[in-house]
Each structure stands twice: as structure tokens, then as C-alpha cells.
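Residue numbering for the sequence shown follows the numbering used here, beginning at 1405 and increasing consecutively. For each residue, glycine too, the CB sits at the ideal point set by N, CA and C. From a predicted model like this one, the values you see are computed outputs, not experimental measurements.
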Amino acid sequence: MTSQLNVDTIADKAGSGPVGLTKQSAAKVWLYAPATVASISASFNISSVDDDGTGMAGMNLTSNMGSINYITQATHQTTNLANGGNNIRGVAFHSKSASAMEARAYYNANDFYVLYEGIMYYNVSAHGDLA
């Protein structure tokens, strides 16, 4: 037998606010932003982004993570293969704190990883406990 649940709002037990994520493993941070980081296309728990130089983007969190012991993932999209050609490209986190993180995009140039200029968009997420 199938069932269907239609609701407009799910509230907490007191009925005064939204249901909070407690033990779920949902992303606590996500970001889709152009590499120039002049603006944020879409995000959750990101207060601002900054361009820290070629292939480097800083992300500041709206709500802090509980510690630096959280997991980060990132990819990037590109349509410009002139710088980096078909070489392996990737994104690594250079640093992170409970309130911010910095990603750097790289490509492989003759077995040396070089900061990548051809990136078009950053795709970032983080999982862990909020403060």
C-alpha cells in the first residue's frame, strides 16, 4: 500500500520554528560561484567569498563549524582548456578553520601542479558538525 504526505510546513515540537538537523549527514555548506568570485551564484551557509589570486578562492561561513575536523569536497567547471589543456585538474583546500576555508585549483604541467587560470566555477561542499 502506498501513502502520500502533503504538508506546507514542518515545525519543531514547540511549533515555533523549523525542524533542525541533528543526527543527519546533510551538507552544512555548499557553494556554486564563478571563479572570479565577484558574486555567489548559489550557496548555503556562505556569507561571502573572496578572490585570493589566480586559482584561489576564500569562503567565509555564516555559521561556524564545530571545529576544523570537517570534510570538504570541491570540483571546478571549465570551458577554457587553453591553460592546462587536457592535463589533470583538481581542487585542493589550502587551509580551513571553523569559520572559513580556502580552495585552490590546480592543473598538471609536466608533473608540476600549477595554479589554474582557466577555471569557470567552483563547486564546494562541507560535511560535519556546526558549532
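Between the C-alpha atoms of Leu-1435 and Gly-1421, what's the straight-line distance to the nearest angstrom?
Approximately 25 angstroms, taken between the alpha carbons.
Tell me whether Met-1469 sits in a helix, a strand or coil according to DSSP, three-state version.
strand
Apart from the five residues just before and just after Ala-1478, which ones in its own chain have a Cβ nearer than 6 angstroms to its Cβ?
Only Val-1495, Ala-1507 and Val-1528 meet the Cβ criterion.
Are Val-1453 and Ala-1431 close, meaning C-beta to C-beta below 7 angstroms?
no
Which first and last residues belong to the beta strand (DSSP E) in which Leu-1435 is found?
1433-1438
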